Structure formats: structure tokens, C-alpha cells
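First up is the structure itself, then whatever we jot down about it.
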Amino acid sequence: MIVGHGDVGQRVSRLLVTSGRGRQAVQALALSRNPERAEQLHAQAVRPLWGDLDDPDSLRRLAGIATRVLHLAPPPAPAAGDEHWWLDTRTTALLRALRLRSLPRSLVYASTSGVYGDCQGQWVSETRSVAPTTARAQRRVNAELAVRFAGRSGLRASILRIPGIYAPDREGGTPRTRLLRGTAVLQSADDVYTNHIHADDLARACLLALWRGKPQRIYHASDDTQLKMGDYFDLAADLYGLDRPPRISREQAQTELPASLLSFMSESRRLSNQRLKRELRLRLRYPTVTEGLQS
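For the sequence shown, the positions run 1 to 295 when the UniProt record's numbering is used.
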């Protein structure tokens with residue numbers, strides 16, 4: 001069962017439908033709150049399950065229905081003034097529903113590498129303590145804790161910490177639009193390391209984690225790219241035959257760039273993906289963004 005059947009979820013279901021696992025056919029299920037998606041899901045050979053993560057009572061029917069669960073849905077955006085802004089109520093509701101009957105064999109939760117906060121460009125392994133600096137990352141930490149707590153009840157739960165997802169066939173999945181706008185990036189001295197994963201490789205990592213993930217285990221779903229953000233945009237510009245973006249200082253960025261961009265420029269880290277390769281045995285189809293952007 002795929003909870004959060006967006007771009008990555010659809011890539012996962014396509015893999016399930018086209019390849020299955022071994023000789024046994026696998027039925028892909030997708031949770032949806034929109035009955036209008038029924039025709040689309042059936043066309044993808046996916047069985048729709050109607051429910052809303054924001055309506056816990058609607059999730060009771062999910063109990064015992066799936067042997068493996070992939071949770072890709074993001075936490076809800078809290079209302080203004082919500083004193084419980086740090087809680088992921090969706091993950092809590094899903095886990096409560098799954099516990100009503102026999103637990104699935106495995107559950108994989110798609111989290112974010114943003115839970116680490118700023119690591120000042122250091123290499124980061126899965127054993128590093130979390131230090132979220134944004135509200136959205138704090139809600140991801142809360143979801144991770146709920147998933148790991150559920151693992152104490154016998155659920156084989158794994159967590160994927162995911163960096164920036166890209167793909168040429170993904171909406172907004174490449175730097176092209178930003179390059180065409182001429183949006184500036186940080187000068188080298190102020191720049192930050194960013195991490196990436198192609199959406200197709202992420203879909204494969206999700207499936208492998210469902211079958212090979214160890215209980216209570218965290219994995220970095222990241223590729224081998226070692227680039228600072230500005231260098232990434234320079235690379236993309238060269239591949240597309242576009243002008244490289246202008247470089248500005250961090251001080252200039254504070255006044256010239258929107259807060260949404262600045263938040264990504266305030267954290268620097270390099271994710272180790274050795275556990276992903278060693279334990280899940282994922283062979284990256286796009287080892288770096290160079291191959292991925294050309295795909």
C-alpha cells in the first residue's frame with residue numbers, strides 16, 4: 001500500500017506492476033481521498049483505497065489490508081497559532097489504523113535529510129543526532145519517532161532520509177526554470193553542500209527498503225554527488241546551454257532572495273550513502289546529477 005501516491009509513489013507503483021517481486025505478483029494499493037482519481041488509478045493497475053489522513057476514522061478500513069506499507073505523505077501544514085505545530089498527526093493516525101488488526105510485514109517512512117539541520121559541510125552518517133532548524137523538519141522528526149515507536153510493537157519499520165529529489169520528467173524537477181529566471185546563487189566562499197537523488201532511483205530505494213530494510217533502521221536515499229549548490233546550478237546551465245547564474249554574497253542574499261530559498265542555503269551537509277548500497281544493495285542508475293540531468 002502506497003500512502004502518498006504522487007510523483008514518487010506513481011514511480012513505485014509502476015515498478016511493482018511491471019516487475020513484481022520474484023515469481024509472485026504484487027498488487028499495488030494506493031490511499032486516496034479523491035474518488036475522481038479512481039479511473040486514473042485503475043488505468044495504472046493500482047487498486048484505490050479511499051481514506052483521508054486528516055480524518056482518522058476514514059482510515060480504519062486500512063487495518064490488515066496490506067502486507068507492506070510505503071508512507072510517502074508529508075506532514076500537514078499547521079494552522080496559524082496551532083500550539084501543536086510540531087506534530088505530524090497524519091503519521092500518528094495511519095499507525096493507529098494499522099495497529100487495529102495484524103501489522104504489515106514492513107513499513108517504510110519517507111523522511112527528509114533536513115532533520116539534521118546545518119552540519120557545516122561535514123559528512124553525515126545515519127547515526128548522527130538530529131537537530132532540525134525548521135518547523136517542517138521538526139514535524140518530520142516527530143513522524144520518525146512515531147514510526148520507530150511502532151517498531152517496538154513488532155512492526156519492521158525503516159526510515160529513508162531523502163534529500164532534494166530531481167528528474168527531467170518530474171514537475172519542477174530540474175534547475176532549468178530557475179536558471180531561466182536568472183536567480184542568483186551564493187558565491188563559493190559562502191556556498192553550501194547539497195544532496196540529490198533521482199526520482200527513479202528513489203522509487204527503487206523505496207521498494208528495496210520494503211523488502212530488505214532492517215527493523216528500526218535509517219537509510220540515506222542519496223546519490224554520489226558531491227557538489228555545492230552553486231556548482232550544481234553551473235553544471236545544469238552548461239548541460240542546457242544556458243547562462244550560469246550570478247553569484248552573490250550571503251549578505252546580499254539576505255536582502256535579494258526569498259525566505260524559501262534562503263532556508264535551503266542555510267544548511268550544508270554531505271550524506272553518506274554506504275548503508276543504502278551495502279544493506280539495501282541499491283545500484284544507482286544515476287550515480288550523480290550529471291547522468292541524471294542528461295537522462
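By construction, the Cβ of each residue, glycine as well, lies at the ideal position given by its N, Cα and C atoms.
Bear in mind that the values here come from a model prediction, so they are computed numbers and not experimental data.
| Query | Result |
| --- | --- |
| Do the segment 128–138 and the segment 240–248 make contact, defined as three or more Cβ pairs closer than 8 Å? | no |
| Using only the alpha-carbon positions, how far apart do residue 7 and residue 167 sit? | 10 Å |
| Look up residue 110 in the DSSP assignment and give the residues it is bridged to. | 160 |
| Do you know offhand how far residue 260's Cα is from residue 72's? | 22 Å |
| Between residue 233 and the rest of its own chain, which residues show a CB-CB distance below 8 Å, the 5 nearest in sequence each way excluded? | 175, 178, 179, 185, 244, 245 |
| Quick one: residues in its chain with C-beta nearer than 7 Å to the C-beta of residue 209, no 5 flanking neighbours on either side, listed in chain order? | 108, 158, 160, 219, 280 |
| So what does DSSP say about residue 23, is it helix, strand or coil? | For residue 23, the predicted model reports a pLDDT of 49, less than 50, meaning its position is unreliable; a value from the coordinates is still stated below. DSSP places residue 23 in coil when its eight states are reduced to three. |
| Between residue 63 and residue 101, is the Cβ-Cβ spacing less than 8 Å? | yes |
| Which of helix, strand or coil does DSSP assign to residue 32? | strand |
| To the nearest angstrom, how far is the alpha carbon of residue 296 from that of residue 30? | The structure shown has nothing for residue 296, since the chain only spans 1 to 295. |
| Pairs of beta-carbons, one from the segment 185–197 and one from the segment 138–152, closer than 8 Å: are there three or more? | no |
| Please return the same chain residues whose Cβ sits closer than 6 Å to the Cβ of residue 5, not counting the five positions on each side in sequence. | 30 |
| Quick one, are the C-beta atoms of residue 284 and residue 223 less than 8 Å apart? | yes |
| Apply the 10 Å Cβ neighbour rule to residue 303 and answer buried if 16 or more other Cβ atoms are within range, or exposed otherwise. | Lying outside 1 to 295, the shown extent of the chain, residue 303 is not represented and no answer is given. |
| Tell me whether residue 7 sits in a helix, a strand or coil according to DSSP, three-state version. | helix |
| Can residue 68 and residue 200 be called in contact, C-beta distance under 8 Å? | no |
| In whole angstroms, what separates the C-alpha of residue 56 from that of residue 271? | 35 Å |
| Let me check you understand the geometry: is the CB of residue 290 closer than 7 Å to at least one non-hydrogen atom of the ligand NAD? | With respect to small molecules bound, the structure shown includes none, and the ligand NAD cannot be examined in it. |
| Answer with buried or exposed for residue 114, where buried requires no fewer than 16 other C-beta atoms within 10 angstroms of its C-beta. | buried |
| Residues in the same chain with beta-carbon distance under 6 Å from residue 36, minus the five sequence neighbours each way, listed in chain order, please. | none |
| Cα separation between residue 190 and residue 13? | 41 Å |
| State the DSSP-derived secondary structure class of residue 277, mapped to helix, strand or coil. | helix |
| Count the other C-beta atoms from every protein chain shown that fall within 10 angstroms of the C-beta of residue 23, then say buried if there are 16 or more, exposed otherwise. | Model confidence at residue 23 stands at a pLDDT of 49, short of 50, so the residue's coordinates are unreliable and nothing is read from them. |
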